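Line by line, the protein sequences give chains A and B.
Quick note: the first sequence uses this note's numbering, first residue 1, plus one each step.
Quick note: the second sequence uses this note's numbering, first residue 1001, plus one each step.
Ideal placement from N, C-alpha and C gives every residue a C-beta, glycine not left out.
Only a predicted model underlies this, so the values are computations on that prediction, with no experimental measurement involved.
Written out below as structure tokens is the structure these notes cover.
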Amino acid sequence: MSDHTTHHEEHHKETFISKYVFSMDHKMIAKQYLITGIIMAVIGMVLSILFRIQLGWPDESFPFLEKLLGKWAQGGRIDPAFYMSMVTIHGTIMVFFVLTAGLSGTFSNLLIPLQIGARDMASPFINMLSYWFFFLSSVIMTWSLLIESGPASGGWTIYPPLSAIPKAMPGSGLGMTLWLISMAIFVASALMGGINYISTVLNMRTKGMSMTKMPLTIWAFLLTAILGVLSFPVLFAGVILLIFDRGFGTSFYLSDIFIGGEALPNHGGSPVLFQHLFWFLGHPEVYIIIMPALGISSEIIATNARKPIFGYRAMIISLIGIAFLSFIVWGHHMFITGMNPFLGSVFMFTTLIIAVPSAVKTFNYLATLWRGNIQFTPAMLFAIGLVSLFITGGLTGIFLGNASLDINLHDTYFVVAHFHIVMGSAAMFGMFAGVYHWYPRLFGKMMDDRLGYFHFWLTFIAVYCVFFPMHFMGLDGVPRRYYSFTSFDFMKEWLAVNRFISIAAILGSLAQFIFLYNFFRSIFKGKKAPQNPWNSNTLEWTAPVKHMHGNWPGEIPWVYRWPYDYSKPGHDEDFIPQNVPLSQTMSSNLPGDYGTHHGSKESH
Amino acid sequence: MNISIAQQLKSSTKAILLFVLLTISSTISFAQATMPAATDVASQELGITFWFYVLLLIAAVFAFAVVNKTLKVLELTQELNGKKIKNTYNNVNGIFFIVFLLLFLAYVYDQFNTLGRMGLPESASEHGAITDNLFNITAIITGIVFIITHILLFYFSFKYKGKETRKAFFYSHNDKLELYWTIIPAIVLAVMVLSGWKAWTNITAPAPKEALTLDVTGKQFAWIVRYPGNDNALGSKAFKLVNDVNETGVDFNDKNAKDDLLVNEIYLPVNRPVKFNFNARDVIHSAYMPHFRAQMNCVPGMPTTFWFKPTITTEQMRLKTNDPKFDYLLLCAKVCGSAHYNMQIKIVVVNDTEYATWLATKKPFYTEEMAKQIQEAAASVAKAKEEKLALNTHE
């Protein structure tokens, strides 16, 4: 890949379909992922508003709900079965379709080739297939909302036997089948994407881009892809076995069941086996979600604090530590399934250990801000918001990781608060930060900063208003996934709080329309983006604003320095891009002048 | 020039004004949210509340538009005066962060003060007192970290907000410092792991021999509780024996089963360990007893157990909580179907004599008549099966 590509470019004529639909260009695929992700996010958000209405006003009827949902909201009140469906699909969409594919898919695709100096992905064709598999699975998942028996409804974790036996609840019929098909296709998409990201990062870095000169975004995407490739097949296996149990009479997860007036013939299976398989993916999955967000925020915080990221090496080591440990902590989701208590102790130990690299990352973010010259772009605000949410949600993880405390907190609203803050909101903030920061690279236009500020502050306040009170509900023993809290006397006192949460959630979701307006308007009417709007060091800002095949006309830039030479003493500007040779800057930029880690040994 | 409003107000003042506006509107909506719940509005008032929110929304959009326009004016003014709008926004957002920090800490404090008091009463089980203590220690440690890191995060954001004149301090790493903040959390977490581990091993240790053993079966959507009767031994059961009469499939050929009792409320003698044998008939349930800090999943085909020692009777707890209607509960915490939200059974903790009296009123559920019914039910199941087979052969 060199001049040959650009030469080829001039002769290549693109049709509409090859440019916008079945595109093999990583930048276009990134946009496709992003826009599909946004559409799925809006669906997930609308579902959450609908069930928040139910939780905030459990005894009141809303005629508009009947118009919207038909038989699922007869008399304007949401049906309990459909409530469960909405919770399930909200979780599935947000976890997999928005924060895995939408976040990782968008930014891995956009940034990996551009930041490491490659013309495209290792396999553009597989990259395209990855998107279209994702698109297909999105369509099936959305379709399942519309079928007569309702979508899957056993929670996004789809524990059998509830999900395995159609008699168990309405959503366990066709809805569950569609869920399983959709997820099987999704896994295929995630694997094709992941293999591509890994091979691209390992093989296609430009000259001088050693592993320790890569931006932290790339490290995060690489480790995320490795996690995905190693853990998604396990979910796939679990899903296939479940399909067998549902359709072909096997007993992997089923045993000793009497339901609907008859004893099932299944014998010898274990429902807990599914939980092991599910969480073997499920736990790495939450790091698949948060690590790209952490990578994005590292990059944005360094760029906008105009300082090197503090402890670059420690950041990489902690990412690797988190990635490794995330494979041996899945059992903390299962402390009270009745598994061997000794196993519980082991998982408690590994779970609390994972807090150490997370703490290192947090302190390094704080040290990066210290004595910086912070430019509050909307992206920077969201990155700082992410750090706040990561701290808040991470600390409550210490309670849940402790098996003896988990007994009383398991499956309560405390868990809901914990993961919505640390995984949901924090990762979503990472995604917003990424969109605001790389929008000029994606669309060649600038987003409106002012609307971005509004969006951030309203969202930030709303997140804490929605999720913080939930901790206290959990401490009062209020379980999650309850259709209403009116059947228990001791939960009735939470009605006012639930109403507050619902109102905050509705206002917060209205604030998202500011983002949507800003996003779609700026594509057409935004200011034209300058070459390097944030004065950033990384390679993507050296590529022409207008997208082209092969990313750079002429030669690919070479890399001479790490990506965080911000505010270097002795240099007149506060940034030195990675492709600036050491000899071209002031003498203080020679290797070894700022420590031993990143001094480049090669000179130009 | 005409655009003087913007100049008269300093940007910082404006920032604070905007923030106050936001806070007031959210407080109002909270007040609105809590009020109807307190006064229990009739449903015809719903129309009013709905329109109230529509008006609120319109007002919010309007306010948003006004602020947005004002800021646009500000931007233009600054551009005309040759100032950089970037600096203004750095100031505004920096101040927002410090204001947010103060409001956030006040909000967190307020939540602990109000919502924190709505939590569960003191633990009614022996191990619960230990885990509650552990919870409090963890809460204090994480609380300190939470407050310090948030103060630093938002204070740094304020203090080091961008200025044209300043250059950031090039500070790429400090191995010693990084080592400290790796080792200190590691030590703190190690202490927590050890104390958690100790509590966990005690809780999950085998139940004492004198424990009362109960059989709890979850089904959609109820709990079936079986007492062992006078022999303190439960009869065995098998899911293939389940039918409408014999809901948990107790094997009545087992002589231990003959005196077993079925109950509608769980009575427990205080200060005697109780061991629950959990099982589920159809899907996974989770037996959650929040007041005892006890929870265990009920899994079809896989028996699980949990034991604890209740220490406070229902009467005593009613006095302590000052709530004459207080009751202990066992509820389902694992999603199990459409009516998952209402699957409960009452637990009553009493002293030994009351327990003995209660137990004496209960009769074993196995009677001659039941034996007959069971036989009939089994026969009809067998017949249905034969018919099914016959149909199959005809096909």
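For B/Ser1286, there is no enclosing alpha helix (DSSP H); the enclosing beta strand (DSSP E) covers residues 1285–1289. B/Asp1175 has its alpha-carbon roughly 31 Å from the corresponding atom of A/Phe107.
Relative to B/Thr1357, the option among B/Gly1301, B/Leu1268, B/Lys1309, B/Ala1377 whose CA is nearest is B/Leu1268.
For B/Thr1149, the neighbours in chain A by C-beta distance under 7 Å run, in chain order, Thr362, Leu366, Ile391. Here A/Pro544 is exposed: its Cβ has fewer than 16 other Cβ atoms, across all protein chains shown, within 10 Å. Residue-level contact check: B/His1173 touches chain A, since one or more beta carbons of chain A fall below 7 Å from its beta carbon.
Interface with chain B (7 Å Cβ-Cβ cutoff): A/Pro166 is excluded. The beta carbon of A/Asp256 falls within 7 Å of a beta carbon belonging to chain B, placing the residue at that interface. In this structure, A/Met291 and A/Leu319 form a Cβ contact; the two beta carbons are roughly 7 Å apart against a cut-off of 8 Å.
Taken in chain order, the unbroken stretches of beta strand (DSSP E) that lie wholly in the segment 1152–1235 of chain B and span 3 residues or more are 1212–1219, 1222–1227. Non-local beta-carbon contacts of A/Met334 in its own chain, meaning distances under 6 Å to residues more than five positions away in sequence, involve Gln275 in chain order. Counting only residues of its own chain and dropping the five nearest sequence neighbours on each side, A/Phe460 has a CB closer than 7 Å to the CB of Gly385. Not one beta carbon of chain A lies nearer than 7 Å to the beta carbon of B/Lys1320. Assignment of beta-bridge partners to B/Phe1064 by DSSP yields no partner.
Near chain B, meaning a CB-to-CB distance below 8 Å, the residues of the segment 328–341 of chain A are Ile336, Thr337, Gly338, Pro341.
Within the segment 80–91 of chain A, the residues whose Cβ lies closer than 7 Å to some Cβ of chain B are Pro80, Ala81, Met84, listed in chain order.
Inter-residue distance for B/Ile1184 and B/Lys1069 is about 50 Å (C-alpha atoms, whole angstroms). For A/Ala359, the closest of A/Thr337, A/Asn340, A/Trp330, A/Gly321 by C-alpha to C-alpha distance is A/Gly321. Linking B/Gly1229 to B/Ser1380 through their CA atoms gives a straight-line distance of about 30 Å. At the C-beta level, A/Arg371 and B/Phe1169 come within 7 Å of one another.
According to the DSSP assignment, B/Gln1344 belongs to the beta strand (DSSP E) that extends over 1344–1350. For B/Gln1316, none of the residues of chain A pass the 8 Å Cβ criterion, the least Cβ distance being about 17 Å. Where B/Ile1085 is concerned, the enclosing alpha helix (DSSP H) starts and stops at 1085–1114. Runs of alpha helix (DSSP H) with 4 or more residues, each lying fully within the segment 82–156 of chain A, are found at 106–116, 124–143, listed in chain order. Under the three-state reduction of DSSP output, B/Trp1358 falls in the helix class. Comparing alpha-carbon positions, the option among A/Met94, A/Met211, A/Gly44, A/Ala529 lying closest to A/Ile317 turns out to be A/Met211. Listed along chain B are Leu1153, each with a C-beta nearer than 7 Å to that of A/Val387. Taking every protein chain shown into account, the CB of B/Asp1231 has fewer than 16 other CB atoms within 10 angstroms, so this residue is exposed.
A/Asp406 counts as buried, since no fewer than 16 other beta carbons sit within 10 angstroms of its beta carbon. Assignment of alpha helix (DSSP H) within the segment 21–75 of chain A, counting only whole runs of 4 or more residues, yields 26–56, 63–69 in chain order. Restricting attention to A/Tyr197, A/Leu69, A/Gly91, the CA atom closest to the CA of A/Gly150 is found in A/Leu69. For A/Cys465, the three-state secondary structure derived from DSSP is helix. Residue contact check for B/Asn1342 against chain A: a CB pair falls below 7 Å. Counting only Cβ-Cβ distances below 8 Å, A/Lys307 has contacts in chain B at Ala1168, Phe1169, Phe1170, Tyr1171, in chain order. Shown here, B/Trp1307 sits in a strand according to DSSP, grouped into three states.
Shown in chain order are the members of the segment 561–573 of chain A whose Cβ falls below 8 Å from a Cβ of chain B: Tyr564, Tyr566, Ser567, Lys568, Pro569.
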